[in-house]
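Trainee: The structure's right below; bear with me while I get my questions together.
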Amino acid sequence: MNMREQILTFLEKNSKIDLKELAILLGSSEEVIANEVQKMEEEHIICGYHTLIDWDKTSVDKTTALIEVRVTPQRGQGFDNIAERIYNYPEVQSVYLISGAYDLLVILEGKTLKEVASFVSDKLSTLDTVISTATHFILKKYKDDGIIFTKKTEDERMLVTL
Numbered sequence: 453m454n455m456r457e458q459i460l461t462f463l464e465k466n467s468k469i470d471l472k473e474l475a476i477l478l479g480s481s482e483e484v485i486a487n488e489v490q491k492m493e494e495e496h497i498i499c500g501y502h503t504l505i506d507w508d509k510t511s512v513d514k515t516t517a518l519i520e521v522r523v524t525p526q527r528g529q530g531f532d533n534i535a536e537r538i539y540n541y542p543e544v545q546s547v548y549l550i551s552g553a554y555d556l557l558v559i560l561e562g563k564t565l566k567e568v569a570s571f572v573s574d575k576l577s578t579l580d581t582v583i584s585t586a587t588h589f590i591l592k593k594y595k596d597d598g599i600i601f602t603k604k605t606e607d608e609r610m611l612v613t614l
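Counting in our numbering, the sequence shown runs from 453 upward without gaps.
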């Protein structure tokens, strides 16, 4: 694995890692690491930094839905134009071209189930190339981006035998 791949591997696990610490781990100088990170940001290999939050443990209301979308691809452009139209909505978190019965997977966030459902019926379903949609609401997150959200709790009851 080359240095860039090593840097990316560490940053993917912990984007807050100190560059000095990363340089020590990789046996390099902090300046070399900082320059490589900057180059990868400029080349859009590193596209951003992300903080994973368990919103269920806050007072913020947030509903996430996975929406499967079947579309008619456009001649000469495939799925790119419709994907762009969809990802430009601010509510849309992610858009993926997928294999299977549907063409696109859209991840959407809203405050309520009703808000998400309204987006699907009023905006997404009305796009001229959209044939059908299937909406799946996230009810509980167990693991997200490699992080386990719900730890198994030990049974703290006393064992009583007669």
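Cβ coordinates follow ideal geometry from the N, Cα and C atoms, glycine included.
1. Report the residue ranges of all alpha helix (DSSP H) runs contained in full by the stretch 522 to 605; include only those spanning at least 4 residues, in chain order.
2. Tell me the residue span of the alpha helix (DSSP H) that contains E495.
3. Specify, as a first and last residue, the run of the alpha helix (DSSP H) that T461 falls within.
4. With burial defined as no fewer than 16 other Cβ atoms inside 10 Å of the residue's Cβ, what is the status of A586: buried or exposed?
5. With distances taken from CA atoms, which of L576, N487 and L611 is nearest Y539?
6. Assign I519 to one of three DSSP states: helix, strand, or coil.
7. Out of curiosity, what's the CA-to-CA distance linking A553 and T581?
8. Could you tell me the distance, in whole angstroms, from the CA atom of T536 to the CA atom of E464?
9. Can you tell me whether DSSP reads V512 as helix, strand or coil?
10. If distances are taken between C-alpha atoms only, which option among L556, D506 and I519 comes closest to P525?
11. Taking D508 and K563 to be in contact with their CB atoms under 8 Å, please state how far apart those CB atoms are, rounded to whole angstroms.
12. Give me the residue from F589, R522, L560 and R456 with the minimum Cα distance to E488.
13. Work out the CA separation of T515 and V565 for me, nearest whole Å.
14. With burial defined as no fewer than 16 other Cβ atoms inside 10 Å of the residue's Cβ, what is the status of L474: buried or exposed?
Mentor: Quick look at the numbers:
1. Given a length threshold of 4 residues, each whole run of the alpha helix (DSSP H) inside the stretch 522 to 605 is given here in chain order: 532 to 539 and 565 to 571.
2. On the sequence shown, position 43 is the one that residue 495 refers to. Per DSSP, E495 belongs to no alpha helix (DSSP H) and is neither H nor E.
3. Your numbering for residue 461 matches position 9 in the sequence shown. Looking at the DSSP string, the run of the alpha helix (DSSP H) that includes T461 is M455 to K465.
4. Residue mapping note: residue 586 aligns to position 134 of the sequence shown, counting from 1. By the neighbour-count criterion, in which a residue is buried when 16 or more other Cβ atoms sit within 10 angstroms of its Cβ, A586 is exposed.
5. The count along the sequence shown starts at 1 and reaches residue 539 at position 87. Of L576, N487 and L611, the residue nearest in Cα terms is L576.
6. Numbered from its first residue, the sequence shown carries residue 519 at position 67. DSSP places I519 within a strand segment (E or B) once states are collapsed to three.
7. Reading the sequence shown from its first residue, position 101 is the one you call residue 553. Reading the sequence shown from its first residue, position 129 is the one you call residue 581. Rounded to the nearest angstrom, the two C-alpha atoms are 16 Å apart.
8. The count along the sequence shown starts at 1 and reaches residue 536 at position 84. The count along the sequence shown starts at 1 and reaches residue 464 at position 12. Residue 536 is actually Glu in this sequence, not Thr. Distance from the CA atom of E536 to the CA atom of E464, rounded to whole angstroms, is 26 Å.
9. Locating residue 512 in the sequence shown gives position 60, counting from the first residue. Correct three-state label for V512: coil.
10. Working through the sequence shown from its first residue, we reach residue 525 at position 73. When each option's Cα is compared against that of P525, the closest is L556.
11. Numbered from its first residue, the sequence shown carries residue 508 at position 56. Numbered from its first residue, the sequence shown carries residue 563 at position 111. Going by Cβ atoms, the distance from D508 to K563 rounds to 14 Å, so no, they are not a contact pair.
12. Taking the first residue of the sequence shown as position 1, residue 488 is located at position 36. Ranking F589, R522, L560 and R456 by Cα distance to E488 puts R456 first.
13. Against the sequence shown, residue 565 aligns to sequence position 113. Against the sequence shown, residue 515 aligns to sequence position 63. A small fix is needed here, since residue 565 is Leu in this sequence, not Val. A straight line joining the alpha-carbon of L565 with that of T515 spans about 6 Å.
14. One-based indexing of the sequence shown puts residue 474 at position 22. Here L474 is buried. Its C-beta has 16 or more other C-beta atoms within 10 Å.
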